[in-house]
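Novice: One structure, pasted below without further comment.
Protein chains: 2
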Amino acid sequence: MNLKELAAELHLSQTTVSRALNGYPEVSEKTREIVLAAAQRFGYRPSPAARRLATGRAHALGVVFNAERNALMDPLFVEYLAGVAETSAKQGFDILISPSTPRDEITTFSRLARDGTVDVIILTAPQLTDPRIALLSELKFPFVVHGRPPAPAGVSYIDIDNFGAFQQATSFLIQLGHRRITLINGEDHFTFVEDRSRGAAVAFAAAGLPKDMLDEHFMPMTAENAHRCARQALESEARPTAILCGSILVALGVLRAAAELGLDVPRDLSIVAHDDEMPAFPAEQFHPQLTTTRSSIRAAGARVAEMALARVAGQKPGAIAEVWPVQLIVRGSTAAAPERA
Amino acid sequence: MNLKELAAELHLSQTTVSRALNGYPEVSEKTREIVLAAAQRFGYRPSPAARRLATGRAHALGVVFNAERNALMDPLFVEYLAGVAETSAKQGFDILISPSTPRDEITTFSRLARDGTVDVIILTAPQLTDPRIALLSELKFPFVVHGRPPAPAGVSYIDIDNFGAFQQATSFLIQLGHRRITLINGEDHFTFVEDRSRGAAVAFAAAGLPKDMLDEHFMPMTAENAHRCARQALESEARPTAILCGSILVALGVLRAAAELGLDVPRDLSIVAHDDEMPAFPAEQFHPQLTTTRSSIRAAGARVAEMALARVAGQKPGAIAEVWPVQLIVRGSTAAAPERA
DNA sequence: AGGAACCTCCAAAGCGCTTTGAACGTCGAG
DNA sequence: CTCGACGTTCAAAGCGCTTTGGAGGTTCCT
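Right, dumping it as structure tokens:
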């Protein structure tokens with residue numbers, strides 16, 4: 509059943525019926541009720557395609573996701589998506605997933621922006637120089653960002669306090685007596701990686717420790733990379749007594765390296781990992797249970813979707829800039845530094 | 509630039525331009541080339557919304573995903589999605605994600621089917637009695653299934669050989685001398701869970717072993733559940749010498765249980781897990797490296813998307829029914845059964 | 001030469017909705 | 001009693017594309 513038929517059924521014009529349905533004021537309460545009741549009764553549902561064509565709005569939000577193997581984002585992404593879905597579903601917005609490789613990301617974005625298949629784009633994992641943000645800004649296409657944009661002015665975004673998290677975690681380790689600390693961080697072009705790096709550095713500075721006691725490594729955060737990196741560090745002369753991990757996956761690799769070398773966690777080696785709350789891999793299910801800096805990626809997804817919808821509704825870009833606190837949760841993978849050999 | 513303008517520019521009618529662009533035969537090669545060149549030059553892109561309205565086809569495929577916490581599907585889902593995205597992107601199809609909880613799944617499906625926002629739906633994790641399949645069949649809405657449908661007749665699907673995988677894995681353990689084996693399986697309303705169960709049972713029967721030596725448990729496949737279940741089994745009188753795991757996540761929980769109880773893997777306990785190839789959690793990154801039955805969920809995603817597109821193109825439902833072989837990969841988590849105490 | 005049988009191309013009618021501009025009472029003010 | 005204002009409703013014009021039913025122009029056979 510379409511609008512025309514419904515209108516005919518009611519002996520009203522399409523105009524009136526459409527207005528009644530969409531809550532416009534130019535229609536009397538009485539007719540509105542009649543129309544609503546009839547729509548309900550006939551199970552009328554407006555055609556999204558027609559509405560889209562007529563209004564130019566897609567009623568959908570776009571999420572671009574990296575279709576290449578990206579072990580870091582992968583398990584996080586679903587949880588994040590679940591958050592996005594949660595709120596967008598409430599508003600009846602569809603979610604359009606656009607696969608893209610880093611190489612043709614820009615093409616994907618401009619296609620999305622021009623095609624009108626989505627009303628707003630959600631950007632994730634901003635980089636220090638991010639062509640995507642530049643592009644969308646220039647096209648004046650609505651978007652919001654999950655993560656700290658390199659130039660936050662005029663950009664709506666939400667981020668977790670990566671700086672604070674790693675400052676806190678590092679300070680905690682220092683207080684436990686750890687001096688040689690290895691930080692296995694992500695790739696250094698991401699803003700969150702830089703923030704974490706700064707957090708750790710500031711903690712060292714605050715403790716009056718020389719900067720070079722912090723042994724920092726940048727790499728894609730896979731278990732495999734982490735394993736390799738951890739082995740190398742743990743077999744070196746100046747063996748670290750603690751390792752800071754950028755994610756639970758990294759911790760997995762580190763744990764394996766420690767086990768292989770016969771090191772006991774936390775006696776010989778302390779581990780702190782950042783935990784985005786992947787339900788599939790809860791930090792407390794590891795052995796030993798992991799001390800973490802915790803934040804909910806799902807909640808972030810939900811919030812960023814809210815922002816996206818607000819943006820569609822006309823909210824100014826840059827209206828929202830939230831940084832969520834991160835909690836340090838001490839579990840069994842950390843202990844006082846071993847006596848110096 | 510829209511079709512009308514492009515046509516005007518070329519001094520041709522919209523009809524001809526449209527046909528040239530869409531490869532219809534009623535247009536001479538010469539004009540087609542001219543049109544194509546001009547479209548290219550002006551960067552013309554047809555409006556998806558208009559095309560959708562005119563043709564009634566959305567050029568999109570729908571994937572319903574469980575927005576509730578579902579630790580099993582979560583990390584798999586992205587990898588699966590990546591596969592779907594891979595092939596659908598090639599054909600210019602959009603992917604629409606519809607969140608849904610198990611409770612309102614049916615509503616979600618009928619909405620998708622009626623709205624015309626997608627041309628075909630991909631169904632995952634079919635159950636022994638699956639109302640979704642019934643619904644879509646009745647509505648005559650195109651769909652394809654990932655996993656074995658309860659009633660495969662007239663349904664296009666692709667599945668991995670869950671039966672064979674677990675039969676093989678179980679036989680392998682039996683050959684290693686294991687007699688008391690625990691199988692930590694998924695929830696028993698899924699068809700793949702039943703298949704795996706049958707596989708293990710058949711292996712026992714083939715070896716002439718009594719059925720009750722197989723200690724089988726059904727549960728959502730989370731690390732936590734697995735941990736609880738494994739502890740209980742390992743602390744019991746008739747302690748198993750081997751555990752079959754439905755997923756890598758399950759293995760994680762089992763490993764933890766073993767570590768807590770001071771059991772060495774594989775000396776005291778052998779572990780075989782099914783591995784869907786989550787790049788985030790490679791089986792060889794565990795300690796010890798896991799013996800697995802391996803299949804690529806990403807490849808399956810790619811294939812099921814292909815099927816979906818073929819279905820849109822008019823292929824009959826039921827035209828495809830593939831069951832992919834699963835490979836047993838022996839690594840370090842399995843060994844000969846310990847001497848009987 | 002006349003007509004059938006193409007080959008190309010076109011005008012116009014949708015697809016189902018929103019939205020503009022106007023018409024039609026009805027009512028209170030002058 | 002007339003006029004302007006207001007509250008309701010409507011007809012019709014898009015939105016940008018596809019597609020039906022022809023209309024011209026060629027070619028080919030008889």
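Here the protein sequences line up with chains A and B, keeping their order. Under this note's numbering, the residues of the first sequence are numbered 509 to 849, in order. Under this note's numbering, the residues of the second sequence are numbered 509 to 849, in order. Glycine is no exception: its CB is placed at the ideal position from the N, C-alpha and C atoms. Fair warning: this is a prediction, and the values are worked out from it, not measured in the lab.
#1: Just the chain B side, please: which residues come within less than 8 Å of A:F585 by C-beta, in chain order?
#2: Which of helix, strand or coil does DSSP assign to B:Y588?
#3: From the beta carbon of A:R553, is the nearest beta carbon of chain B less than 8 Å away?
#4: List the residues of chain A that B:F857 touches, going by C-beta distances under 8 Å, in chain order.
#5: Can you name the residues that DSSP bridges to B:P607?
#6: Quick one, which residues of the region 614-626 of chain B are near chain A if we go by CB-CB under 7 Å, in chain order?
#7: Here's the rule I'm using: 16 or more other beta-carbon atoms within 10 Å means buried, otherwise exposed. How should A:A575 be labelled?
#8: Beta carbon of A:G754, beta carbon of A:N693: below 8 Å?
#9: If you draw a straight line from the C-alpha of B:F617 to the C-alpha of B:Y665, how long is it?
#10: What did DSSP end up calling B:V652 once you bin it into helix, strand or coil?
#11: Consult DSSP for A:S645 and reduce its assignment to one of helix, strand or coil.
#12: Closest by CA to A:A568, which one among A:I837, A:E814, A:F671, A:S645?
#13: Grab the span of the beta strand (DSSP E) containing B:V525 for me, first residue to last.
#14: Using the rule of at least 16 other Cβ atoms within 10 Å of the residue's Cβ for burial, across every protein chain shown, is B:Y532 buried or exposed?
#15: Would you identify the three-state DSSP class for B:I828, choosing helix, strand or coil?
#16: At a CB-CB cut-off below 7 Å, which residues of chain B make contact with A:L644?
#17: Using a C-beta to C-beta distance shorter than 7 Å, which residues of chain A count as neighbours of B:E743?
#18: Does any residue of chain A bring its CB to less than 8 Å from the CB of B:D772?
#19: Got a sec? Which residues, its chain only, sit under 6 Å from A:N530 by beta carbon, not counting five neighbours each side?
#20: Only counting runs of 4 or more residues, tell me where the alpha helix (DSSP H) segments fall wholly within the region 668-699 of chain A, in order along the chain.
#21: As a quick exercise: from A:P660, A:A621, A:L604, A:I641, pick the residue whose alpha carbon is nearest that of A:I850.
#22: Between A:T749 and A:L777, how many whole angstroms is the CB-CB distance? I'm expecting something under 8 Å.
#23: When the Cα atoms are used, what is the spatial distance from A:I614 to A:P634?
#24: Tell me whether the beta-carbon of A:L636 lies closer than 8 Å to the beta-carbon of A:T699.
#25: 8 Å is my cut-off, CB to CB: does B:L589 come that close to chain A?
#26: Once the 5 residues before and after B:Y588 are set aside, which same chain residues still bring their CB inside 6 Å of it?
#27: How would you list, in chain order, the residues of chain B whose beta-carbon sits under 8 Å from the beta-carbon of A:R764?
#28: How many Å lie between B:F671 and B:K824 at the Cα?
#29: Tell me, to the nearest whole angstrom, how far the beta carbon of B:D669 is from that of A:R553; I am working on the premise that it is less than 8 Å.
#30: I need the DSSP call for A:F789, collapsed to helix, strand or coil.
#31: Where are the beta strand (DSSP E) runs, 3 residues long or more, that stay fully inside the region 695-760 of chain A, in chain order?
#32: For B:A557, list the residues DSSP reports as bridge partners.
#33: Compare the C-beta of B:I605 with all C-beta atoms of chain A and state if any pair is closer than 8 Å.
#34: Please report the residue range of the beta strand (DSSP E) in which A:S778 lies.
#35: What distance in whole Å lies between the Cβ atoms of B:I756 and B:M786, which are believed to be in contact at a cut-off of 8 Å?
#36: Could you check whether A:I629 and A:V572 sit closer than 8 Å to each other, using their CB atoms as the reference points?
Specialist: Reading off the structure:
#1: V586
#2: helix
#3: yes
#4: For chain B, the structure presents residues 509 to 849; residue 857 of chain B sits outside this window and is missing.
#5: Answer is B:F573, bridged to B:P607.
#6: R622, D623, G624, T625
#7: So A:A575 counts as buried.
#8: yes
#9: 18 Å
#10: strand
#11: helix
#12: Considering only alpha carbons, the answer is A:E814.
#13: Per DSSP, B:V525 belongs to no beta strand (DSSP E); it is in the alpha helix (DSSP H), 522-530.
#14: Exposed, since its Cβ has fewer than 16 Cβ neighbours within 10 Å.
#15: In the displayed model, B:I828 falls within coil according to three-state DSSP, outside both helix and strand.
#16: In chain order: nothing, as chain B lies at least about 18 Å away.
#17: Close to B:E743, with beta-carbon spacing below 7 Å, lies no residue of chain A; the smallest spacing is near 16 Å.
#18: no
#19: none
#20: 670-683
#21: Because chain A here runs from 509 to 849, residue 850 of chain A falls outside it and cannot be looked at.
#22: 6 Å
#23: 13 Å
#24: Closer than 8 Å, so yes.
#25: At least one CB atom of chain A sits nearer than 8 Å to the CB of B:L589.
#26: I805, G809
#27: Q793, F794, H795
#28: 27 Å
#29: B:D669 to A:R553, Cβ: 41 Å. No contact.
#30: coil
#31: 722-726, 750-753
#32: Paired residues: none, contrary to the question.
#33: yes
#34: 778-783
#35: 6 Å
#36: yes
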